[in-house]
Structure formats: C-alpha cells, structure tokens
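Colleague:
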Amino acid sequence: MIRLILAAVLLLFFAGASFSADLESRVTVLEEILKKQQKTIEEQRELINRLRTETAAAGKAPDKSAGEATLYTPESDYGPDAKEGNRLVVSGAWGDFFRNVKNPAVTFVLNSFYYSSNVSERKLKSRGITGYSSVGLDQTKGFNIDEASIALFAPVDRYFDLFGVLSFKEEGSTIEEAYFYTKTLPENLRLKAGKFRSNFSVHNENHPHDWDFADAPLVYRGFTGRDGITEKGAQLTYRPSFPFSPLIGVEALQGENDVMFNRNSSGGPHAFTGFLKGSHKFDEAAKIYFGPYVVHGSTETDSVAGGTLFRGDSTLYGFECLFAWAPSKTRSLTLQGEYMRRNQSGDLLNTANYAIDHLSRSQDGIYIQALYQVDKWRIGVRYDRLNLFLSDYSVSGIPQRFHNPYRLTAALEFNPSEYSRFRLQYNYDRSGGGNPAYGGGSETNHEVYLQMVFAIGAHMEPKGQRD
Numbered sequence: 002m003i004r005l006i007l008a009a010v011l012l013l014f015f016a017g018a019s020f021s022a023d024l025e026s027r028v029t030v031l032e033e034i035l036k037k038q039q040k041t042i043e044e045q046r047e048l049i050n051r052l053r054t055e056t057a058a059a060g061k062a063p064d065k066s067a068g069e070a071t072l073y074t075p076e077s078d079y080g081p082d083a084k085e086g087n088r089l090v091v092s093g094a095w096g097d098f099f100r101n102v103k104n105p106a107v108t109f110v111l112n113s114f115y116y117s118s119n120v121s122e123r124k125l126k127s128r129g130i131t132g133y134s135s136v137g138l139d140q141t142k143g144f145n146i147d148e149a150s151i152a153l154f155a156p157v158d159r160y161f162d163l164f165g166v167l168s169f170k171e172e173g174s175t176i177e178e179a180y181f182y183t184k185t186l187p188e189n190l191r192l193k194a195g196k197f198r199s200n201f202s203v204h205n206e207n208h209p210h211d212w213d214f215a216d217a218p219l220v221y222r223g224f225t226g227r228d229g230i231t232e233k234g235a236q237l238t239y240r241p242s243f244p245f246s247p248l249i250g251v252e253a254l255q256g257e258n259d260v261m262f263n264r265n266s267s268g269g270p271h272a273f274t275g276f277l278k279g280s281h282k283f284d285e286a287a288k289i290y291f292g293p294y295v296v297h298g299s300t301e302t303d304s305v306a307g308g309t310l311f312r313g314d315s316t317l318y319g320f321e322c323l324f325a326w327a328p329s330k331t332r333s334l335t336l337q338g339e340y341m342r343r344n345q346s347g348d349l350l351n352t353a354n355y356a357i358d359h360l361s362r363s364q365d366g367i368y369i370q371a372l373y374q375v376d377k378w379r380i381g382v383r384y385d386r387l388n389l390f391l392s393d394y395s396v397s398g399i400p401q402r403f404h405n406p407y408r409l410t411a412a413l414e415f416n417p418s419e420y421s422r423f424r425l426q427y428n429y430d431r432s433g434g435g436n437p438a439y440g441g442g443s444e445t446n447h448e449v450y451l452q453m454v455f456a457i458g459a460h461m462e463p464k465g466q467r468d
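For what it's worth, the numbering used here labels the leading residue of the sequence shown as 2, then goes sequentially.
1) Mapping the DSSP letters down to three states, classify N388 as helix, strand or coil.
2) Can you grab the Cα-Cα spacing for the pair R53 / A155, in whole Å?
3) Please tell me whether G143 and K126 are closer than 9 Å, where the distance is taken between their beta carbons.
4) Return helix, strand or coil for L72, following the three-state DSSP convention.
5) Considering only DSSP beta bridges, list what K278 is partnered with.
6) Check for me: the alpha helix (DSSP H) holding H204 runs from which residue to which?
7) Using alpha carbons as the reference points, say which of E448, T29 and T352 lies closest to L409.
8) Is it true that the region 240-247 meets the region 363-377, where meeting means three or more beta-carbon pairs spaced less than 8 Å apart?
9) Can we say the region 279-299 touches the region 213-223, given the rule of at least three CB pairs closer than 8 Å?
10) Mapping the DSSP letters down to three states, classify V157 as helix, strand or coil.
11) Cutting at 6 Å between CB atoms, please list the residues of its own chain near Q337, excluding the five before and the five after it.
12) Within this structure, are the beta carbons of L372 and V305 separated by less than 9 Å?
13) How far does the beta strand (DSSP E) with F197 in it reach, from first residue to last?
14) Please list, in chain order, all residues of the same chain as V454 whose beta carbon is under 6 Å from its beta carbon, the five residues on each side excluded.
15) Return the Cβ separation of R191 and T231 in integer angstroms, given the expectation that the two are a contact with Cβ distance under 8 Å.
16) Scan the region 258-333 and note each continuous beta strand (DSSP E) run of 3 residues or more that stays entirely inside, going in chain order.
17) Does the Cβ-Cβ distance between L387 and Y115 come in under 9 Å?
18) Using only alpha-carbon positions, find the residue among E171, A215, F214 and V166 that is nearest to F197.
19) Please tell me whether V203 and T225 are closer than 9 Å, where the distance is taken between their beta carbons.
20) What number of angstroms, rounded off, separates the C-alpha of G86 from the C-alpha of T352?
21) Where in the region 118-192 do unbroken runs of the alpha helix (DSSP H), each at least 4 residues long, occur, reported from the N-terminal end onward?
22) To which residues of the same chain is F169 closer than 6 Å at the C-beta, ignoring the five residues directly before and after it?
23) In angstroms, rounded to a whole number, what distance separates the CA positions of R227 and I42?
24) Between which two residues does the beta strand (DSSP E) carrying R362 extend?
25) Cutting at 7 Å between CB atoms, please list the residues of its own chain near G389, excluding the five before and the five after it.
26) Look up I230 in the DSSP assignment and say whether it is helix, strand or coil.
27) Counting C-beta neighbours from all protein chains within 10 Å, is the total for Q452 16 or more, i.e. buried, or is it exposed?
28) Take G292 and list the residues in its own chain whose beta-carbon comes closer than 6 Å to its own, dropping the five residues that flank it on each side.
29) Just the Cα atoms here: how many angstroms apart are A456 and I151?
30) Are the beta-carbon atoms of G458 and F109 separated by less than 9 Å?
31) What would DSSP say about Y420, mapped onto helix, strand or coil?
32) Excluding five sequence neighbours on each side, which residues of the same chain lie with their C-beta closer than 6 Å to the C-beta of E419?
Below you can see the structure in the form of structure tokens.
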C-alpha cells in the first residue's frame, strides 16, 4: 500500500514538472512573437514619418483619411478657394497605391447623348447663328457619342507636374490637352506650356462633359466655336497677396481656332489673351468669382458666311461672374453669367467671283444661368442672347441687318454618384433665322437632349477656376 502511494506522488511530481516546463516554453515563444510585432510596428511608424516628411518637403499636404489619396490638378491655384486647389481624389486600395508610388492617375470618360429636333438633319448641318457664324450643328438625330476621353495626371518631379487628355471621336482621335506646369517659381508665379484650354473664362477651361448643360452658350458658338479656345502655347499667371485673391494671367497662343483665328496657323504665335480675376469667400458655404478678359489675334476663317473667306483682326472682350452657395454636399445653388463683345475688321473675299469687300462688325452677347441641387437631383435654367447692346455689321460701308438671336433652356439632372450623370434638356432656340448664307434656316429649333456621362478609373475633377 505504501509503495502505491509513493508511486502516485512521484507520478504527480514529474507530471507537474513537465507541465511547468511546457508552460515556460510557451511563454518564451509568445514573448518572441511580441518582440517581432513591436519591431514591425516601429518600422511602419518610421515609414509613415518618412513619407510625411517627403510629402511636406514637396509642398504637398498628406491626405489624412484612411485609404484615400489626394492628387493636385494643374489649375490648383485658380479660383475663389485657391488653397484647396483642384483635387484628384483616389479612394480605397488605389488611394494607398497612389500615395506611396509616383504613378499617373488615369480616368476614362464617356460623353454620349440622344438628340431630337424638329429641324431636318440637312438643315442642322448648315444651321449657324445668323450674322455671327455659319458653322452648323455637328450632330445627328438619335444616338450620338460626343467623345470618349482618357485623362492622365502625375507629378514629374518636385519642379513640374504633367497633365494630358486624349480625346476619341468617331471620326478620329486627337490630343485635346497635353501640358506641364511649374510648382516652384518664386513670387506666386506659375508657368504652363503645351496644349491646353485657355483659362480666360470658367466655361472655356472646362471639358464638354463638365459643362452645366449639354451644349455651349450661344456667345461661344458664335464667337469662338462650340468647343471654345484650346491652343498650343504658354501661360504665365501671378497671384499677388491682395484682397479678393486677384489672379493675373497672360497667354501666347499659336492661334489655330477655326472661328476666332486660323485653323491652318503657321509662322509662330499670333493670338494672345489676358485676364484679371478676383474672388471672395463670404463664409464656408458661399463664394464669388469674377473678372474681365481680352482675347486678340489675326483671323483667317470661312465661318463668317457661306462662300466667303475673312482675313483681318479679331478682338474679344468679356466679363464673367460666378456665385456658388453650397451649405452641404446634398444642397447647392450656382448663379453664373458672362458678357462678351467681339470686334472684327478686315477683308471679306467672295470665293466664287473673288470680289473683295471690307467687313467691319462689333457684336455682343450674354448668357445667364442658374442651377439648384437637392440630393442627387439638379435643375438648371439658362438664357442666351446675342445683339444685346451692339449690332454693328457692315460690308463695304453698307449696314447689314439681322434678327436678335436668343435661346431659352431648361434641364433636369440625376446624378446617381459622382461617376455618372443623366441629363434631360430642352432648348427653345431662335438663333438660326434669316438669310441662309449667314447660317439661317428654320427660325425656331425645338431641341431635346438626353445626355449620359460615365467615368471610371482614378476619379479626377479638374474644376479649374471654380475651386
């Protein structure tokens, strides 16, 4: 009996010793694991601090939101809230990627629409704006693809950023924009060069898929062509430290716009712009942007009237104003207006009999628009008018008389997300009546657009001077 008790005691002793040794071994393993994890955490902290230091040295504030990176677009110094700049917001895993790796942000945008009109397609092709431009509407009834575009942006180094837009249409592709801009010039100076949309106005600098309506205002169609002024050239801007955040800019352009200048331009730059903009932020919700501009250049165009060629000088004066109120992301109001005056003087060649007359015209126009957003819906109205104060048009000293073109527009938008938009728009258009040689045709055009815009990729929203 005593032997059995001793055997049991010895068995319990050795079992306890074995359990204690095994527990000690487990604790040792856990301590090693914790040490390795602590080392990994310290390495990650060092990496984060190094990235923050490098970002600050490059003059870019790191985005603090998890999984989201903010890249800055070329016009980041324009507009009433210049310190925010134009942001390219890249979310999710891509945000982590673009934050740590210098790769270009890429987006693909499809701009398409369905079009209906009471005017025949044949007449639409030649329906310009009487007395202003004989360029017709380049669209067909039914389904249309305005363009598909690929936009790319990336910093080159600490001195330059690079931006480009490739535009694809059914008839071919083109480089819509491709330019660099500086980041380190002194005294708030910035240089931009390449091919770009001129920044003389808010509307002109925006791409068609960013417009507030499916089509351009009448003053742009009549004075610069539907797509505005996009040119090869250079731009220099300066922002002095004065009230109202003034922005002074000048541009030297090749001058290839086929309405305002010369589509076959050669011999060096012969078009120039200058603009002075001011902005003021009333509070966190309301801001205003305003200022004058001038565009001047040599002109050779066949857009004055059918069967003619105009050679001379053109000058465009303008003033724009934009008020934006946005108390929340789901509610906003935008009021925008722009006045333009065009002066032209030169020779008007009749291409049929080669007779040359002197053309002189001073014309003006305006558009006023309002857009109100509630949640995912936005409603907009616009009024266009030409010959507002001026209608001086003479050929060889003989005054020409035209009707006053105008248009009324209403639009309703549904934006399921920031990547898609559906817009229903109606135009009551009375801009094309009168002499057919001057772009006339049916006096009233009842137009209906159903526009659909989609974007994929790294979401880029270059709003230019509005930011």
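Idealized CB from N, CA, C, for every residue including glycine.
Remember, predicted model here, so these are calculated numbers, not experimental data.
Modeller: Short version:
1) strand
2) 18 Å
3) no
4) Only weak support exists for where L72 lies, its pLDDT of 44 falling under 50; the coordinates are left without a value.
5) L248
6) V203 to E206
7) E448
8) no
9) no
10) coil
11) L323 and Q370
12) no
13) L190 to R198
14) N112, H210 and R422
15) No, R191 and T231 are not in contact; Cβ-Cβ is about 19 Å, not under 8 Å.
16) 272-282, 287-302 and 309-329
17) no
18) V166
19) no
20) Residue placement at G86 is flagged as unreliable, the pLDDT there being 39, under the threshold of 50; a coordinate-derived value is accordingly withheld.
21) 122-127
22) A149
23) 57 Å
24) I357 to V375
25) One detail in the question is off: residue 389 reads as Leu in this sequence, not Gly. Result list for L389: D365, G366 and I367, in chain order.
26) coil
27) buried
28) L277, K278 and G279
29) 10 Å
30) yes
31) coil
32) none
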